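Just so you know, we're using the working numbering here: the sequence shown kicks off at 6 and counts up by one.
The beta-carbon is built from N, C-alpha and C at its ideal position, and this holds for glycine as well.
Computed from a prediction, not measured in an experiment: that's the story for all the values here.
First the structure, in the form of structure tokens, and then the observations on it.
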Amino acid sequence: MEVFQPKKEVLSKEGFLGFSHPGKEFRFDRVRLISELLALGHSKITQSIAELVATEVEKEISRCKIEFLSLELVSELVAFQLHELGLVRLKNSPVLHAAQNENNPFPEKDESLNPDLLAVMALQKESVQMAPEKAPLKSVRIVPEFGEEGTQYLLQHVLLANGQNAVRETVQECFLRVARCVAEGEARYQPISVLQEIEDKFYAMMARGEFLPEISVLQNAGKPGSILISSFSFSVDNSIDSVFETMKEAAFVHQNGGMCSFNFSQLYPKENGLSPQGFLNIYHSVTSSFFNKHPVSAAFLPVDHPDIVELVKAVSQKHSTNLRLTVGLQDSFFQELNRDGPWPLVHSQSGKPVKMTKARDLLAVFVDAILSGAKLDFVFMDKFNSLNPVASFGSYQTVGVEGDVPLLHHEAVPCGAINLSKFVLEGQFSWDALAETLFLGIRFMDNILEVASYPRPEFKNTASAFRKISLGLAGFADVFSGLDIPYDSQEAVDLASQIMSFVQRKSQEASVRLASHRGVFQKFTDSWYVHHGLKRRHSLITNLFCTDALASIWGCTPGLEAQVPMASLQGQLALQAAVEEHVEGLVYKKILFDESTKPEDLVFALLQAHRYGLRHLCFAKQETQKWFVRSIKKIVDDQMGFSKEYSYFDVPEDGTY
């Protein structure tokens, strides 16, 4: 069999990829295919993309056991892979060759991407078959059974009521409503007859207590135009347009049952314009006028913002119980802590220091706020943003309202969790059953992205571009108890790491499987997954968000929390670090302390969390105890070495300290 050599002209009327004599056959040459793809001059076809396409084409050829190839077959295989990556659109003919376009057989896509890259994939690929038509299943519905606390929570917060606030649906009807709504997300990819089967699977998974979506889905699924995602992110700058547009969008989110998380890093210091506290004052005034209360909200502020102390003290006040503040800590902040150095507070626009303080003084303020009961948590910025798979579109701007989901500007991520306690059977952990639930749960959340409504087009565009989902877990401590493993032990740490590693691996496999039917996320070619050859449906999957509400329904422990406090601070941090190693996003773990906890314990926990390389740290006190900033500053100094009193002062004009 003749093996044709490529002509010098990469693109010609005679053939694709330089092969002349259409109709002749040849053997596959991976190196040459990569070279010719790069020579196409497509701005998005990088070395990594070319290698990925060649690998997928080679897999398909190997799968079909084809030794000799026709030009038409290679053209179709390559075109299909480029289409799958969102770089071209398939023409009416399944065979794309150079004669269709004498300049470029694979023109670049325009910037207005399709809502989904692979809506037609199942019709094009031989290995993926559409499900056959079948009659709807007439299955016997499982009756959900929850404990008294779970039933009460559903009655008070979830089940639909009539105009007189009388409950008008059962738990079973609620789950049927949710399953039916979410199953409609299959309509683009499956025959209508299959939707009933998927609905039954979704319902059974919830009724068995194995999986539940976040509360907003349970409350709003099936209501026209209702929001199914709880947290929406906004980055606010100092322009009047930005401030009042954000106010309007946030009010609409609250009106529809959502919550808002704001990034204030671009707001000016209070001396130069609208400060973070000034924004919150206006925001609370506006929203409380419409909703008769302060809506649950969150704010993010870096530790080098001039108003950081003012905002931390504000969230320490009793009237700020509906506001959570996340402080972004850089590695350089911990360096200054270690050497007791000065810490610059910089102007958001000029980037120049406007005030100086001591890093240890700031740490003392943080510890005092935590001990006073403030909703204050921390993100370790360098580690946090180093794991952003789509960093080319910007760094993470904030986290969810519970401090638990990493978010870009104008982003909202659907959340759902698995109840691990359901997979301990007769002293054994059921890995196979967990794997099945993982796949179905990820499919459930992918469907939420299809059926969800958004308050603004920007949120929908971001969701379509990155298709992030947040898969959480609850019941770790119940698993330990069911297997007779002490919570505060190395054995528990090892098992938690093993479970999370399994969840991460199987979740990624599920996302790849979904991508083979439904397509990769739109911005896949600009993500780091290209370099790893992982054709995923979602840019983010595993993210252990706050599952307190879902755990109340299930009657299990939320997330990584213990059944009976208190585990040691060291043990709690070690457990979080072991799990976070296998998580793509954040791990929401409340580091619990009680009235016996001393300030130096919290200082130790914060420093140890940074040493462990954690991305997120959240404290939760059990009982109130008042400490004073001045005494805490002395404790911080005692923990880290002697320091003189060091307060704010203006930066000298010469820029020296």
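message = For LEU74, tell me which candidate among ARG35, ALA44, ALA55, LEU90 has the shortest Cα-Cα distance.
response = ARG35
inquiry  = In whole angstroms, give me the CA-to-CA distance for GLY408 and PHE550.
reply    = 8 Å
key: Contacts around LEU454, its chain only, beta-carbon distance under 8 Å, and the 5 residues preceding and following it disregarded   = GLY190, PRO419, ALA468, SER469, ARG472, ILE474
request  = Take VAL517 as the anchor and find which of LEU545, GLY405, ALA497 has the nearest alpha-carbon.
outcome  = LEU545
request  = Enumerate in chain order the residues of its own chain whose CB-to-CB distance from LYS388 is below 8 Å, with the five nearest sequence positions on each side excluded.
outcome  = GLY618, LEU619, ARG620
query = If you scan the stretch 248–333 from start to end, which runs of the beta strand (DSSP E) of 3 or more residues do you find wholly inside it?
reply = 264–268, 302–307
message = Could you tell me the alpha carbon to alpha carbon distance between GLU514 and THR362, rounded to whole angstroms?
response = 49 Å
message = Tell me which residue opens and which closes the beta strand (DSSP E) that LEU476 is part of.
response = 475–479
ask   = What residue does the alpha helix (DSSP H) around SER240 start on, and which one ends it?
value = Where SER240 is concerned, there is no enclosing alpha helix (DSSP H), although the beta strand (DSSP E) it sits in stretches over 236–240.
task = Could you check if SER486 is buried or exposed, using at least 16 other CB atoms within 10 Å of its CB as the buried criterion?
result = buried
Contact check, SER247 vs LEU412, beta carbons under 8 Å = no
key: Beta bridge counterpart(s) of ILE54 as assigned by DSSP   = Looking at the DSSP assignment, ILE54 forms no beta bridge with any residue, so it has no partner.
task = Tell me, please, which residues DSSP counts as bridged to PRO196.
result = Its beta-bridge partners do not exist; DSSP assigns none.
request  = Measure the Cβ-Cβ separation of ALA585 and THR547 and say whether it is below 8 Å.
outcome  = For the record, residue 585 in the displayed sequence is Glu; it is not Ala. For GLU585 and THR547, no; Cβs fall outside 8 Å.
query = Tell me the DSSP bridge mates of PRO462?
reply = PRO462 pairs with nothing; no bridge assigned.
ask   = Anyone know if the C-beta pair for LEU306 and SER353 falls short of 8 Å?
value = no
GLU416 versus ARG32: straight-line alpha-carbon distance, rounded = 47 Å
query = Based on the DSSP secondary-structure assignment, which residues constitute the bridge partners of GLN433?
reply = LEU430
ask   = Going by C-alpha distance, which of LEU519, LEU376, LEU500, LEU430 is nearest PRO604?
value = LEU376
ask   = Under a Cβ-count criterion, where at least 16 other Cβ atoms within 10 Å of its own Cβ denotes burial, should LYS427 be classed as buried or exposed?
value = buried
request  = Have a look at LEU478 and THR552 and give me their C-alpha separation to the nearest angstrom.
outcome  = 8 Å
task = Could you tell me which residues DSSP puts in a beta bridge with ASP382?
result = THR331, CYS623
key: Expected contact under 8 Å - CB spacing of ASP242 and PRO281 to nearest Å   = In fact, because the Cβ distance is near 12 Å, the residues do not count as touching under 8 Å.
inquiry  = Once the 5 residues before and after ASP583 are set aside, which same chain residues still bring their CB inside 7 Å of it?
reply    = Note on identity: in this sequence residue 583 is Ala, with Asp being the wrong assignment. For ALA583, where only same-chain residues beyond five positions count, the Cβ hits under 7 Å are VAL498, ALA501, SER502.
key: Opening and closing residue of the beta strand (DSSP E) in which PHE371 lies   = Careful: PHE371 lies outside any beta strand (DSSP E), inside the alpha helix (DSSP H) at 364–376.
ask   = Below 8 Å between beta carbons: does that hold for GLN627 and LEU580?
value = no
query = Is GLN575 buried or exposed, if buried means 16 or more other CB atoms sit within 10 Å of its CB?
reply = exposed
query = Do you know offhand how far THR175's Cα is from ARG523's?
reply = 34 Å
key: Own chain partners of ILE220 with C-beta closer than 6 Å, once the 5 adjacent residues on each side are dropped   = ALA554
query = Got a sec, what are the start and stop residues for the beta strand (DSSP E) TRP348 sits in?
reply = 347–351
request  = To the nearest angstrom, report how far apart LEU160 and GLU463 are at their CA atoms.
outcome  = 34 Å
request  = Taking PHE609 as part of the beta strand (DSSP E), name the residues at either end of that continuous run.
outcome  = Looking at the DSSP string, PHE609 is not in any beta strand (DSSP E); the run it does join, the alpha helix (DSSP H), is 604–617.
Pairwise C-alpha distance: PRO460 and PHE257 = 7 Å
task = Might you give, ordered along the chain, the residues of its own chain that have their beta carbon closer than 7 Å to the beta carbon of ILE39, omitting 5 neighbours on each side?
result = ALA55, GLU56, ALA59
Run of the beta strand (DSSP E) containing ALA422, from where it starts to where it stops = 420–424
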